[in-house]
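What follows is a short report on a single structure.
Residue numbers (my numbering), protein chains in the order written: chain A, 1 to 502; chain B, 503 to 1004.
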């Protein structure tokens, strides 16, 4: 049975190849897709094939690729592989895409996820020519039922001149009802308050109002989301999660947090999943979550009755959990809400709700600055994603990381980070498998001692203390003492010798 | 005539000396005061005298000093001079205070102004023992009429165990009615939407509800605010303002801004005043402002009928304008609203209204990162203040600076900033007297060329291009290419030779 119940939309059904032929060199395209879910699967691959043919004929063909966040091999991977991407924003995590960014083939604008849609809409990136949006279904009366992510879809469809809809039969029809699409979004001066006062509050509709006049093609597909398996929990992740949960328990004990905490946000990844797994065994009940993505651990918490409301913009599930979600989506829709990313990541609800943020990092420095994006100062890894949205506005903002990488050759704690994404003003707690540094209310020189002693790996503590002590002794101030000539020596050593150790 | 109309409050009147005697070593004190206005004048000086006496007796006596923002010699200056400040937050600009921070006598936590009050209230800094708040008057029924700033006063009075009120007869009684005190502020999970949808909208009361049971003293004073004169406008400031106003005019022309722009925010200082002065002669009408401070130039715009609503948390006026304000406060109260700083600087209204932010900087780098606080990486100047609140959430975020300082020995554009306050993700436009770089929607390597060519002083362009070109040629990526060994050479050269020039 077709998922395109509307007759007038059925009349616009085309093959992916025919739809892709509507795309021209130089166009800026807003694709759906967030952390490997809800991205169009057919049109981008057909487009990649046409770009390759054009390149083989010696013609120029590159497009601007704007998404919600990361996508998958069928979108980022396929288009990057044919050198088809001129400019990419706001986030990616695909190996091929990353390669093209770092080799200079593609320009990449690493943007806050909450800003990305509205800023494109406002014209910061020029004109948006096209939106390509995955749906679960189009109803008889022409409503668009979202699929496994909402992302920037509302902004893309509002801003774009034309729309291609890709209806994916793999997506569960049970998803209908899970989404919360708020039509209060606007450009200033027409914005109004976002009325959310609890993570589980619904404020909108369960579907997109589609603009029929803009829709130039409807494509049918049947392909699964990326659904990357999580690694099994390791001891390091468990330790880090343990420190964080102990910290939260103490905040409750001190009367600084309610017994059911405040809405939890967690970045994507194994440590985040370990935290969620720890919560499963922990004392907290009636938890809520106001975050970007629904991960495996959250599904377990819902099943256990511990997580009573989970707000996000997308799934980021392993294949088994994706199957479980697809089979029981209508049931999970009682607890899970998928919103636009300019609502899920908006400072307004994040600050109002008092979200407890917990995000990964690449490196932190002794004064509490955090690098989330760059390897050794120059090389882009993934992007800042939503970490800035949550970190800056959280009630408490924690960062988690193993204390070393590359078998101990890289220290996650360095004298000065080689790229800054979150500044000293925005970082409250840093946690490694070594321990937890609570740097709230501390001046930089107090933070330094705590971060080195609590978080750095023992192999690096002495050289960090040595840098700090000599900085205090020789810098032009005792506020944030640095020896600029040596501030990046850890990184330089790694680049030259393969280890940050002397 | 007394300004303390309430009989029960009159019974609590004490001398500043007697009130100060209630303050003990180690206390954390929330003082009123923002950009040199509305700070208590008598109690801090009496406290400083008592601290000096204690130190002369060999006793320990230091307190924590929390304010709205900067204060003046009578508060920061007096307490710093006697080594009386253990910890200082969230902002200062006093030479003595700065000296004690950089010499290590006082710890300083440089915090976002919007977060400062709520985070103290939430317990990030331990217990708040006392609030010392300047008022214009106490009414017969015990209401507190705010003075020339609101700042963190609501948070301090909510969080503190005890309150000392300082009623300053110098403040104009005409101020009554200008303030907008919203009692919707709370700690999560009890926060509600801030209902502001236009800069000029009033949402609260014109007075503080005082908690009589907490008030341990009422002190009367009669002293002017700091009221620093602005320097006369110079050619450089005029040029920078001109570029900014041309940019705004073009945004209107392109249909990206309404004809009356969006609410303006401007940092404190001479370039900001030049922008305001330029608006006086410019084509824009029905302007609004959603900012931190009311500066001289805004008063002129109000007088000219060009600025129809001005929202801030404090005055930052020159002595002449302060007199003019005091004489005509009731009239200006039709246009000016003074709010709590956790409302004036809150991401929620800033992002909703689409504020156009314009702030100064110490240095920017070729990739668009901004340092607002530190001299040569280590030495604290003033603090981040509200620049992060506005910059991160603005519709368009501009930074302004002369291209050089110290007679050309310091370049405001450097390969890598020596301290990061605003990251590449948050900076849209950089302006110097050389020109304007609109870096919206650009990848780092495109930004670099534009910033060097448009903003750097010609004396520094060649060495900046040289650094960039060699970074592209040798770094491990074309995304944000750096040569870490040389990234701070400008600063190192200045520290060693007194000039950034080779």
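We put the beta carbon where it would ideally sit given N, CA and C, even for glycine.
Just so we're clear, the structure is a prediction, and the values are computed from it rather than from any experiment.
DSSP assignment within the region 9 to 66 of chain A yields the following whole alpha helix (DSSP H) runs of 4 residues or more, N-terminal first: 16 to 20, 42 to 56.
At a Cβ-Cβ threshold of 7 Å, residue 550(B) and residue 584(B) count as neighbours.
In the assembly as shown, residue 119(A) is a buried residue. Its beta-carbon has 16 or more other beta-carbons within 10 Å. Within chain B, the residues 980 have their CB atoms less than 7 Å from the CB of residue 103(A), given in chain order. Taking C-beta atoms as the reference points, residue 423(A) and residue 923(B) count as a pair closer than 7 Å. For the region 360 to 376 of chain A, the set of residues with a beta-carbon nearer than 8 Å to any beta-carbon of chain B comprises 369, 374, 375, 376, in chain order. Taking all protein chains in view, the Cβ of residue 694(B) is surrounded by fewer than 16 other Cβ atoms within 10 Å, so the residue is classified as exposed. Closest by C-alpha distance to residue 838(B), out of 791(B), 880(B), 875(B), is 791(B).
Sequence-distant partners of residue 278(A) (beyond 5 residues in either direction) whose C-beta falls short of 6 Å from its own C-beta, in its chain, are 241, 245. Per DSSP, residue 81(A) is one residue of the alpha helix (DSSP H) stretching across 78 to 81. With contacts defined as CB atoms closer than 7 Å, residue 418(A) and residue 354(A) fail to qualify as a contacting pair. Scanning chain B for C-beta atoms nearer than 7 Å to the C-beta of residue 384(A) yields 927, reported in chain order. DSSP places residue 893(B) in the uninterrupted alpha helix (DSSP H) bounded by 889 to 895.
Closest in C-alpha terms to residue 189(A), from the list 982(B), 1003(B), 947(B), 858(B), comes 858(B). Using a CB distance below 9 Å, the part of the region 929 to 951 of chain B facing chain A consists of 930, 942, 943, 944, 945, 946, 947, 948, ordered along the chain.
DSSP places residue 621(B) in the uninterrupted alpha helix (DSSP H) bounded by 615 to 623. For residue 593(B), there is no enclosing alpha helix (DSSP H), as DSSP marks it with neither H nor E.
For residue 811(B), the enclosing beta strand (DSSP E) covers residues 809 to 814. 977, 978, 979, 980, 981, 982, 983, 984, 986, 987, 989, 990: these are the residues of the region 963 to 992 of chain B whose beta carbon lies less than 7 Å from some beta carbon of chain A, given in chain order. Scanning the region 750 to 823 of chain B from its first residue to its last, the whole alpha helix (DSSP H) runs of 4-plus residues come out as 772 to 783, 798 to 805.
Comparing alpha-carbon positions, the option among 928(B), 896(B), 586(B) lying closest to residue 561(B) turns out to be 586(B).
According to the DSSP secondary-structure assignment, residue 358(A) is paired through a beta bridge with 266(A), 398(A). Under DSSP, residue 146(A) shares a beta bridge with 135(A). DSSP, reduced to helix, strand and coil, places residue 872(B) within a strand of the structure shown. The three-state secondary structure of residue 682(B), taken from DSSP, is strand. Take the alpha-carbon of residue 873(B) and the one of residue 918(B): they are about 10 Å apart.
In this chain, residue 352(A) is not harboured by any beta strand (DSSP E); it is covered by the alpha helix (DSSP H) spanning 347 to 353. Taken atom to atom, the span from the alpha-carbon of residue 522(B) to that of residue 565(B) is near 12 Å. Close CB contacts of residue 114(A) within its chain, under the 6 Å cut and outside five residues either way in sequence, are with 342, 345, 346, 389 (chain order). Per DSSP, reduced to three states, the secondary structure at residue 487(A) is coil, with no helix or strand assignment.
Proximity of chain B to residue 192(A) at the Cβ level (cut-off 9 Å) is accounted for by 699, 854, in chain order. Close to residue 923(B), with beta-carbon spacing below 8 Å, are these residues of chain A in chain order: 423, 425.
Residues of chain B with a Cβ closer than 8 Å to the Cβ of residue 109(A) are, in chain order, 943, 944, 945. In this structure residue 292(A) is buried. Its beta-carbon is surrounded by 16 or more other beta-carbon atoms within 10 angstroms.
Among the residues facing chain A, residue 1002(B) is not included, as its CB has no counterpart in that chain under 7 Å away. If you look at residue 462(A), you'll find it in the alpha helix (DSSP H) that goes 458 to 474.
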